[in-house]
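Report on one structure; see the data block that follows.
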Amino acid sequence: MKDRQNIHGSWASRWVFIMAATGSAVGLGNIWKFPYIAGENGGGAFVLVYLVCILAVGVPIMMAEVLVGRRGRQSPINSMREVAMEADHSPKWALVGWIGALAGFLIFSFYSVVAGWVLAYVAAMANGDFLEIGSEQAGQVFNQLLSDPQTLLIWHSVFVVLVMAVLMGGVNKGLERATKIMMPALFVLLLLLLGYSMSSGSFGEGLDFLFHFDPSELSWNAVLVALGHSFFTLSLGMGSIMAYGSYMPKSASIGSTVLTIAALDTVVALVAGMAIFPIVFANSLDPAAGPGLMFITLPVAFGHMPGGQVFGFLFFVLVGLAAWTSAISLMEPGVAWMVERFGLKRAPVCIMLGIVVWLLGIGALSSFNFGSDIALFGLNIFDFLDFITANIFLPLGGLFVALFAGWILNQRITQNELAIAVPSVYKAWSVMIRYVAPLAVAAIFIFNLIDKLG
Ligand code: PFF
């Protein structure tokens with residue numbers, strides 16, 4: 028078959044694709060969420076299960092998403108339709124792309140609010156607001172920020188504009204250029220912070236916490252949290268990786284590329300943990316502090332350490348960059364689809380979609396102040412958005428992609444795209460995508476529903 032052309036452009040090289048997809052994967056999930064859920068779920072035992080989930084479920088599904096994207100060479104909605112039809116199946120598979128694009132909007136609306144907190148902390152750190160501060164005061168600073176809708180709105184708006192500005196530039200002049208600048212900056216900052224934590228934190232204690240495996244610490248719930256998180260952290264189940272895959276050069280090998288991305292994402296999460304926990308321990312703070320670990324615990328630690336103001340500032344810049352490159356990928360499926368469907372230029376599409384997510388975000392940020400009384404199924408708007416995306420949309424999207432690649436596409440298509448030379452490796456992927464991944468994802472999906480709704 029003649030290779031389709033993508034009207035949006037394509038990455039200059041395999042390496043650019045790796046950087047862009049890693050930019051999507053590495054985000055608040057790695058630096059904010061991973062350390063606190065590892066902290067809450069017993070450290071080392073959790074980390075091991077998480078690694079297994081990345082390899083057994085995350086990698087095969089990511090390969091499937093890239094495969095479909097590159098085969099279809101369009102937005103996820105249209106790629107799903109096109110590739111389904113190529114395999115003589117119903118064009119209704121496009122619905123999976125629709126669920127994904129919708130999930131991208133919903134995730135963006137609360138992701139942008141958290142990214143807004145990060146930007147506010149960049150300013151606060153630069154200002155020295157946390158110097159010599161105690162935990163209680165740091166908690167007050169955070170709560171004060173949450174209760175002030177105007178400030179939240181300003182930072183949320185700044186973040187939406189930053190993301191849309193990159194998207195407007197298109198695949199090469201926007202996404203690719205931003206990736207090439209931001210990803211190296213992100214890695215340099217991360218290493219700097221690791222060095223800082225090695226020299227001024229309780230490094231041994233931090234490492235022990237993350238890597239000491241004690242099976243008795245492992246709960247069934249921790250396994251499910253790890254499985255769900257492996258999904259979120261690799262940006263799977265909503266089309267981001269499929270969209271990025273549609274810009275991937277045909278000559279690049281999907282398997283080794285995806286393994287590199289998953290490895291980089293994992294390394295960043297682990298290094299973020301290695302940078303954060305030694306600082307937490309050196310200051311006798313609680314590793315299981317929950318979501319406040321980054322916004323309350325860590326600023327207290329930075330406020331008491333030599334050079335803490337500078338490194339605290341750099342830390343939040345790092346998190347901001349990571350959130351930025353992820354948020355771009357949340358919107359790309361929707362932007363690409365609008366351009367294809369209506370023949371519009373990217374600029375008007377980005378402005379329109381920017382306004383939509385900006386409005387949705389106002390709903391999310393109101394959960395902490397004027398809208399705190401609004402309850403959807405017993406959750407405030409922010410928690411509701413988080414819940415339905417992480418527990419319903421992403422697992423469902425991932426499940427369908429796995430079923431699609433494993434059972435709907437014929438071997439001719441998958442083998443041609445994956446181009447795996449060793450038959451046993453292809454066979455292993457096939458077993459993973461047909462049985463292991465769907466069963467594991469179905470398990471999280473059902474468990475979460477029973478747990479939350481029951
Ligand atoms: N992977 C991102 C993170 O770990 O923060 C979040 C994310 C981005 C999820 C893009 C889903 C997505 F499509």
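Okay, so the sequence shown: first residue is 28 according to our numbering, each after it adds one. Even for Gly, the Cβ is constructed at its ideal location relative to N, Cα and C.
Check: So what's Leu245 in DSSP terms, helix, strand or just coil?
Finding: coil
Notebook entry, point to check: So, helix, strand or coil for Leu403, using DSSP?
Noted result: strand
Next item on the list: Within 10 angstroms of the Cβ of Glu359, are there 16 or more other Cβ atoms? Answer buried if so, exposed if not.
Entry: buried
Notebook entry, point to check: Is Val79 closer than 7 Å to Val250 when the C-beta atoms are compared?
Noted result: no
Notebook entry, point to check: For the ligand PFF, any of its heavy atoms closer than 6 Å to the Cβ of Gly166?
Noted result: no
Item checked: Near the ligand PFF: Leu133 beta-carbon under 6 Å from a heavy atom -> no
Check: Mind pulling the beta strand (DSSP E) runs of 3 or more residues that sit fully within the region 294-322?
Finding: none
Next item on the list: Could you check what DSSP says for Glu20 in three-state terms: helix, strand or coil?
Entry: Since the first and last residues shown for the chain are 28 and 481, residue 20 lies out of range.
Notebook entry, point to check: Where does His183 land, buried or exposed, given buried means 16+ other C-beta within 10 angstroms?
Noted result: buried
Next item on the list: Assign Leu218 to one of two classes, buried (16 or more other C-beta atoms within 10 Å of its C-beta) or exposed (fewer than that).
Entry: exposed
Check: On the premise that Met191 lies in contact with Gly381, defined as a C-beta separation below 8 Å, what is that separation, rounded to the nearest angstrom?
Finding: 4 Å
Next item on the list: Check whether the Cβ of Ser106 lies closer than 6 Å to any heavy atom of the ligand PFF, and answer yes or no.
Entry: no
Next item on the list: Give every residue of the same chain whose Cβ lies closer than 8 Å to the Cβ of Phe472, excluding the five residues on either side of it in the sequence, and list them in chain order.
Entry: Asn418, Ile419, Pro422, Leu423, Leu426
Check: Expressed to the nearest angstrom, what Euclidean distance is found between the alpha-carbon atoms of Ile64 and Gly196?
Finding: 36 Å
Notebook entry, point to check: Could you give the residue range of the alpha helix (DSSP H) that holds Val79?
Noted result: 71-80
Check: Is the region 447-465 close to the region 430-437, with three or more CB pairs under 8 Å?
Finding: yes
Notebook entry, point to check: Would the beta-carbon of Leu261 fall within 7 Å of that of Met89?
Noted result: yes
Checklist line | the ligand PFF heavy atom lying under 6 Å from the CB of Ala52 | finding: yes
Next item on the list: Indicate, with yes or no, if the ligand PFF has a heavy atom lying under 6 Å from the CB of Gly347.
Entry: no
Next item on the list: Find out if the Cβ-Cβ distance for the pair Leu220, Phe308 is shorter than 7 Å.
Entry: no
Note to self: For a quick check, are the C-beta atoms of Trp385 and Val193 less than 7 Å apart?
What the structure shows: no
Margin query: Short of 8 Å in beta carbon distance, which residues of its chain neighbour Ser278, apart from the five on each side in sequence? Order them along the chain.
Written below: Arg41
Next item on the list: Report all residues from its chain with a CB closer than 6 Å to the CB of Phe169; omit the five preceding and five following residues, and keep chain order.
Entry: Phe322, Ile323
Note to self: Quick check on the DSSP output: what are the complete beta strand (DSSP E) runs of length 3 or more inside the region 149-193, in order along the chain?
What the structure shows: none
Checklist line | the ligand PFF heavy atom lying under 6 Å from the CB of Thr260 | finding: yes
Item checked: Between the CA atoms of Gln32 and Asn105 - distance to the nearest angstrom -> 13 Å
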